[in-house]
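To keep things clear, I will list the structure first and then write my remarks on it.
In the working numbering, the protein residues as written are 1 to 588.
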């Protein structure tokens, strides 16, 4: 978790996100500058329309509280980029400060559950990744304790008081039907759906969610505010704050970390005499040299390392797939070195992505895929964590790890701190580099490492002498445990069920309707008839139902999944009738 020193910086970035969001200044008036699809995140796919009675007194656009809500067609037109930008500029002065306060409050509500403060003087804990257990007995309660902060959460479903209602086939009960059809003409199929299930879905050409609501306001139509808006806002702030932290803070830390570890490895190389140790150190120097090159640095490399660095860079540039490089004794998936998402926005983010991918993808495994010990990579790993420890850059490593853990959680792989503890027990603290040449102590080290927990997410196709075993791997900056990734991996098999479904995640999170759909269409969701699919899914449901409440708000990613769970439950009576239909449950 992020300590007291990092939390204010993250919250400052949240406030900056609120201030700099292009739609901020005009949000009060419904006027937004246009943005390209992809720049703001998820594009609007469907428009939800529901058939409800207009409140008494609001027919024909009249407001019973005084005056008429008249649509001025000359001054209020549908979304136009130039006009919207002009309106946004006019309205910015009056609305910006109010919206800053509103968005700041929103961000605090989103972020506080995951930023429990660190006790004064307390060292950051090295917490292993969460291991769901089927034997756990903790039940979910609407209380989340985060450090000294306890958040009382209301029930996921507030009591409803509406009486059931229906509409005729001609929709005559819908009081604003004519006004609606002038803007959104209804097909016969949509009319039928509105009469039967009280809502219908229609594709849209809008690129952003807010444009739907903006257009409704221009045409004096009521809007049904969906949960998509809140979830999309969460995504926008999550992505903005993460990429700003990475670009303005973590990139500098990563550059300093890489340079310091490269220098420390060069010092080890000057001390070492044993040929095996010198070979391992030469590869470690190349390992940090690759990261230095990916970061765009020109750090001085020890003699003899450039050919190793050059070969790795060629494989990375070619996105060569599974190939054996010059540094590790097994194949690595070089196709992963393709920047994606917000990492395509700037050269600085691309450099950060490439270096972090290198540090997170390349493993130092205790064994090969066929079970044979991998002494060379273990030797490299021990020397690597010693270089980190003696470089003086543990602070930079910790800053990067803690801040990224705040967003997406702990590493699923073994991290350097765990290897350092075992190396201290086996070799002592102040040993020379040549100490790792002792085969007896190296075997003892491997044995102790293999008492650590295995990762939750493991590659399935790992057999062979040229592949690393997925069970025990040190990664310099380990890839993170994501609960939905575990679900998708465990519910797929290379032959039996090669492609998981998004409904798998919803079923494991507790959606009975998702289970019904999955089991009701085996030809679509389990075409190869994997016999163990339902049993494995049931195990996952049991494990995740036992996850304690505190875990669901331990970081922003878990909190994101936690926010989805109330959408999966069947609503009680008293809610609007369209929300009680099976089709609405399917939508959710």
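Backbone N, C-alpha and C fix where the C-beta goes; we use that ideal spot for every residue, glycine too.
Given the structure is predicted, the values throughout are model-derived calculations rather than measurements.
Beta-carbon contacts of residue i that lie in its chain and below 6 angstroms, excluding the five residues immediately before and after
i, result
"residue 390", "264"
"residue 454", "471"
"residue 384", "284"
"residue 301", "289"
"residue 161", "574"
"residue 435", "427"
"residue 363", "468, 473 and 475"
"residue 195", "167 and 169"
"residue 515", "507"
"residue 315", "323, 325 and 334"
"residue 274", "434 and 437"
"residue 582", "none"
"residue 86", "In this predicted model, residue 86 has a pLDDT of only 47, less than 50, meaning its place in the structure is not dependable; the value taken from the coordinates is given anyway. No residues qualify anywhere along the chain."
"residue 562", "552"
"residue 339", "350 and 353"
"residue 200", "49, 190, 193 and 194"
Nearest to residue i (by Cα), restricted to the options the options
i, options, result
"residue 490", "538, 322 and 478", "538"
"residue 358", "336, 373, 344 and 368", "336"
"residue 284", "260, 402 and 527", "260"
"residue 616", "410, 426, 444 and 435", "Since the first residue of the chain shown is 1 and the last is 588, residue 616 is not available in this structure."
"residue 248", "512, 533, 587 and 352", "352"
"residue 483", "469, 475, 508 and 442", "508"
"residue 355", "422, 479, 528 and 515", "479"
"residue 447", "367, 525, 500 and 511", "367"
"residue 564", "553, 573 and 574", "553"
"residue 449", "373, 208, 332 and 237", "373"
"residue 176", "220, 205 and 575", "220"
"residue 295", "398, 235, 347 and 237", "347"
"residue 451", "430, 195 and 414", "414"
"residue 360", "395, 387 and 412", "412"
"residue 237", "582, 556, 569 and 561", "556"
"residue 567", "588, 274 and 584", "588"
"residue 230", "560, 181, 583 and 584", "560"
"residue 586", "532, 503, 485 and 577", "503"
"residue 437", "430, 535, 292 and 279", "279"
"residue 395", "440, 417 and 407", "417"
"residue 540", "510, 430 and 369", "510"
"residue 584", "197, 519 and 517", "197"
Beta-carbon proximity list for residue i, same chain, < 8 angstroms, skipping 5 on both sides
i, result
"residue 612", "No statement about residue 612 is possible, as the shown extent of the chain runs from 1 to 588 and does not include it."
"residue 530", "493, 496 and 497"
"residue 371", "469"
"residue 445", "378, 382, 422, 423, 426 and 427"
"residue 419", "381, 382, 385, 449 and 474"
"residue 488", "500, 504 and 505"
"residue 182", "219"
Paired residues, beta bridge with residue i - DSSP
i, result
"residue 332", "323"
"residue 480", "411"
"residue 575", "573"
"residue 565", "In the DSSP output, where bridge partners are listed per residue, residue 565 has none listed."
"residue 468", "368"
"residue 474", "364 and 414"
7 angstroms Cβ shell around residue i - same chain, five flanking residues per side excluded
i, result
"residue 145", "For residue 145, the predicted model reports a pLDDT of 35, less than 50, meaning its position is unreliable; a value from the coordinates is still stated below. Hits under 7 angstroms: 550."
"residue 349", "243, 246, 247, 342 and 343"
"residue 327", "283, 286, 287, 308 and 312"
"residue 393", "256, 257, 260 and 261"
"residue 60", "A caution first: residue 60 carries a pLDDT of 45, below 50, which makes its placement in the model too unreliable to give a value."
"residue 228", "209"
"residue 433", "268, 271, 272, 277, 281 and 383"
"residue 324", "330, 331 and 466"
"residue 375", "442"
"residue 305", "282, 285, 286 and 289"
"residue 94", "In this predicted model, residue 94 has a pLDDT of only 39, less than 50, meaning its place in the structure is not dependable; the value taken from the coordinates is given anyway. Excluding residues within five positions, none has a Cβ falling inside 7 angstroms."
Whole-angstrom C-beta distance between residue j and residue i, which should lie under 8 angstroms
i, j, result
"residue 334", "residue 320", "4 angstroms"
"residue 501", "residue 525", "5 angstroms"
"residue 213", "residue 223", "5 angstroms"
"residue 397", "residue 403", "The Cβ separation is near 11 angstroms, so there is no contact."
"residue 165", "residue 577", "5 angstroms"
(message) Please give me, in chain order, every unbroken run of the beta strand (DSSP E) with length at least 3 that falls completely inside the segment 223-259.
(response) none
(request) At 3 residues or longer, and completely inside the segment 493-541: list those beta strand (DSSP E) runs for me, N to C. (result) none
(request) Can you check the segment 337-425 for any alpha helix (DSSP H) of at least 4 residues that lies completely inside it and give the ranges in chain order? (result) 347-361, 375-390 and 394-408
(request) Could you pull out every unbroken beta strand (DSSP E) segment of at least 3 residues lying fully inside the segment 427-464, listed in chain order? (result) none
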